[in-house]
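Contents: one structure, followed by commentary.
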Amino acid sequence: MAKPRLATGHFTGCFGCHMSFLDIDERILELVELVDFDKSPINDKKRFDQPVDIGIVEGGVSNDENAEILRDFRKNCKILIAMGSCAITGGVPALRNTMPLKECLEEAFLNGPTIGEGDGLIPNDPDLPVLLDKVYPCQEFVKIDYILPGCPPSADTLWAALTALLSGEEPSLPYELVKYD
Amino acid sequence: MTVAQKTAGRKIVINPVTRVEGHGKVTIHLDDDGHIKETRFHIIEFRGFERFIQGRPYWEAPTVVQRLCGICPVSHHLAASKAMDVVVGVDTVSPTAEKMRRLMHYGQTFQSHVLHFYHLASPDLLFGFDAPVEDRNVIGVIKAHPEIATKAVLMRKYGQEVIKATSGKKIHGTGSIPGGMNKNLSIAERDELLRDIDDMIAWSVEGLELCKSVVEADMEHLLAFGTFESSFVSIVKEDGCLDLYDGNLRAKDADGKIIFDQVPPSKYLEYIREEVRSWSYMKFPYITSLGKEKGWYRVGPLARINNCDYIDTPIAEAERVKFVALGGGRPIHATMAYHWARMIETVHAAEKIKELLNDPDLQGEELVRSGERRGTGVAWIEAPRGTLIHHYDVDKNDMITLANLIVSTTHNNEAMNRAVKRIADQYLDGQEITEGLLNRIEVGIRAYDPCLSCATHALGQMRLQVQLVGPDDAVIHEKFRE
């Protein structure tokens, strides 16, 4: 029987949730036996070419490319999990939602104290994705089946949820595995 | 994959660059004669920390700003804490606080270097640049070399345990605060970490030997691969010793001559400027006195090993001496030498962890100091990927009014563009992006271990898209990693 396929994606976050996933440590050797990895930042695969059983996404949506890839995950994954604060609420990057995007760009690229005279400009190029007005949680774009809170969720939390789903059970996490910091 | 044929004016795009995720893209611009005019490594995410941290209290900076990066959060946690030490009027934290922070930092250097070498870069080195995509990843390493992979997993785990023991959590901890630390190391925590440290030192030496054997087997090719000359910038102690946690800034030119030395953090504005280019969210820093054209430089493991006069741990120092001998009195410029230098530092970090664990100051009771409030704090640290600068202004209501963050990967921006240019010059044949070229561009960028998470102030692993672009900006050929 073919092994279940697992994909992971990253949008506007810090990669800490993926790092926490790696903190499953020795269990990663077990995971390699349990699943086949599809598209993920840890390998070189770029596009979906077959259905995936479980997709896990980190980070909120802050530009058109994030949105497109998130929709692609939804289309190709039977179960889609939002991992961590940014995917669930927008997280720290969503602090920019309380001010105009223009001010953030100006502060970084025009007003910074190390910007040399005549060296400042706001990047604007067809090769850059279009920034959205705000940073959005994933569920504002697609249906999310499960959320795993935490900044980041602990390796034990991720492992407990994943192994439950892989054995066809509804995950039921004990109180101590559900934290929000 | 579509291949547009044109006679003139082309652009090659590699998007995304993988095993560095986050969001990177490469374009190669051709002139009318089909020669490479320019290559661009685009950073395409933007988050805006400099602005949205304004109006928040200064004590939040060490925990909020570290959310720039989940790969090296400790660097930001500590750089922000050190800047805020200045703001709360503490010029010297207590020995217990300083050593706890150092232990945290060496733990993170150890785990981050291990992660990069084994999980991200080793597939290229173990399987070759042209190995099939399905194998050339960490899962392939686990399957083909389970013993190496198991040690890699346990080494990274050890570094993470050091971070947890000092900061409270493996990722985004809270141990360091303005003026010091909020915990010391218990005897139980110390003994737990001491138990495995000799294995960690031995295994990091094995990793270094593995790296050296790969390089030595193919020395001429690897040392020429994507190589170009540059200046180097890093922090050193007052006596020129390598120090990853604290010190003053030193810059050397391509011949190894000092450009500036012993510059304290408070003077950084006089020495470094940044340029913005329209096609990337990552800025381009340069040494002010040399100007934009000549002032760019490299940071990170290679810069640190080239710049320092010695290393204060025995195994790493002996390895440094062997390494710099390759340069014959000049700095080593090879892009792939980054891996070698990184593994020397991995050994150094393990040796330092052992030294610190045996220091009774870690069980000291004086954790926090205070002083007279100041309005500005600037601090730096050698993050795994290079010099990291944090600068904050804080008003009388304790609110942050300015934040300027120059992260390691940003310092290497021009260098990564040069590496791509050099590799494209070496390997672009005709008007098409071959799999071989795509692989090699990725390998070249990956040597710098770019953390795009930090850099935009965005994300960590990149996917790769390469576009070949003509003079009229039309895309001639495009290749994705898939």
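One line per chain: the protein sequences are A and B, in this order.
Residue numbering for the first sequence follows our numbering, beginning at 628 and increasing consecutively.
Residue numbering for the second sequence follows our numbering, beginning at 143 and increasing consecutively.
Just so it is clear, CB atoms sit at the ideal spot from N, CA and C, and this is done for glycine as well.
Note that the structure is predicted; figures quoted are calculated from it, not measured.
ask   = Quick one: what's Met424 (chain B) bridged to in DSSP?
value = Paired residue(s): none; Met424 (chain B) is not in a bridge.
ask   = Using a Cβ-Cβ cut-off of 6 Å (strictly less than) and excluding sequence neighbours within five positions of Ala561 (chain B), which residues of its own chain qualify?
value = Within the same chain, Ala561 (chain B) has close Cβ partners Gly368, Thr477, Gly586.
key: Three or more C-beta pairs below 8 Å linking the stretch 486 to 497 of chain B and the stretch 336 to 350 of chain B   = Verdict: yes, contact present.
request  = Note down the Cα distance separating Gln573 (chain B) from Val617 (chain B), rounded to an integer number of angstroms.
outcome  = 11 Å
inquiry  = Any contact between the stretch 743 to 756 of chain A and the stretch 402 to 422 of chain B? By contact I mean 3 or more CB pairs, one from each, below 8 Å.
reply    = Yes, they touch.
ask   = Just how far apart, CA to CA, sit Met726 (chain A) and Leu758 (chain A)?
value = Rounded to the nearest whole angstrom, the CA to CA distance from Met726 (chain A) to Leu758 (chain A) is 14 Å.
task = Below 8 Å between beta carbons is the criterion; list the residues of the stretch 645 to 657 of chain A that meet it against any residue of chain B, in chain order.
result = His645, Met646, Ser647, Leu649, Asp650, Asp652, Glu653, Ile655, Leu656
query = Just how far apart, CA to CA, sit Thr234 (chain B) and His177 (chain B)?
reply = 55 Å
request  = Give the residues from the stretch 451 to 484 of chain B that approach chain A closer than 7 Å (Cβ to any Cβ), ordered along the chain.
outcome  = none
ask   = What three-state label does DSSP hand Pro199 (chain B) in the structure shown?
value = strand
key: Closest residue to Pro740 (chain A) among B:Ala330, B:Ile414, B:Val256 (Cα-Cα distance)   = Looking at the Cα atoms, B:Ile414 is the closest of the given residues.
inquiry  = So if DSSP puts Leu530 (chain B) in a beta bridge, which residue, or which two residues, is it bridged to?
reply    = B:Ile523
key: Beta-carbon neighbours of Cys704 (chain A), restricted to chain B and to distances below 7 Å   = What Cys704 (chain A) touches in chain B, judged by beta-carbon distance under 7 Å, is nothing: the nearest beta carbon there is about 17 Å away.
ask   = Quick one: Cα of Val520 (chain B) to Cα of Asn559 (chain B), how far?
value = Rounded to the nearest angstrom, the gap between the Cα atoms of Val520 (chain B) and Asn559 (chain B) is 28 Å.
key: Buried versus exposed call for Pro456 (chain B) [16 or more other C-beta atoms within 10 Å across all chains shown]   = Counting Cβ neighbours within 10 Å, Pro456 (chain B) comes out exposed, since fewer than 16 surround it.
key: Tyr773 (chain A): first and last residue of the uninterrupted beta strand (DSSP E) it sits in   = Under the DSSP assignment, Tyr773 (chain A) falls in the beta strand (DSSP E) whose first and last residues are 773 to 775.
message = For Val769 (chain A) and Asp567 (chain B), what's the separation of their Cα atoms in angstroms?
response = 43 Å
query = Would you say Val418 (chain B) faces chain A, with C-beta separation under 7 Å as the test?
reply = It does: the Cβ of Val418 (chain B) has a partner Cβ on chain A nearer than 7 Å.
inquiry  = Could you check whether the stretch 317 to 333 of chain B touches the stretch 491 to 507 of chain B, counting it as contact only if at least three pairs of C-beta atoms, one from each stretch, sit closer than 8 Å?
reply    = yes
key: Beta-carbon proximity check, Pro631 (chain A) vs Leu793 (chain A), cutoff 7 Å   = yes
query = Should the stretch 700 to 712 of chain A be called in touch with the stretch 728 to 746 of chain A, which here means at least 3 C-beta pairs below 8 Å?
reply = no
key: Identified DSSP bridge partners for Ser376 (chain B)   = B:Arg392
ask   = By a C-beta neighbour count over all protein chains shown, 10 Å radius and 16 as the cutoff for buried, is Lys325 (chain B) buried or exposed?
value = buried
query = Which class does Gln569 (chain B) belong to by DSSP, given the choice of helix, strand or coil?
reply = A quick correction: the sequence has Tyr, not Gln, at residue 569 (chain B). Reduced to three states, the DSSP call for Tyr569 (chain B) is helix.
key: Listed by chain order, chain A residues near Leu411 (chain B) by CB distance under 8 Å   = Pro740, Thr741
task = Measure the C-alpha to C-alpha separation of Lys621 (chain B) and Asn581 (chain B) and round it to an integer number of angstroms.
result = Lys621 (chain B) and Asn581 (chain B): Cα-Cα distance of roughly 11 Å.
task = Could you tell me whether the Cβ of Trp421 (chain B) comes closer than 7 Å to any Cβ of chain A?
result = yes
ask   = Who are the Cβ neighbours of Ala222 (chain B) in its own chain at under 6 Å, not counting the five residues just before and after it?
value = Ala203, Pro204, Val207, His532
key: Euclidean distance between Cα positions of His287 (chain B) and Tyr248 (chain B)   = 27 Å
query = Do you know offhand how far Asn546 (chain B)'s Cα is from Asn539 (chain B)'s?
reply = One C-alpha to the other measures close to 20 Å.
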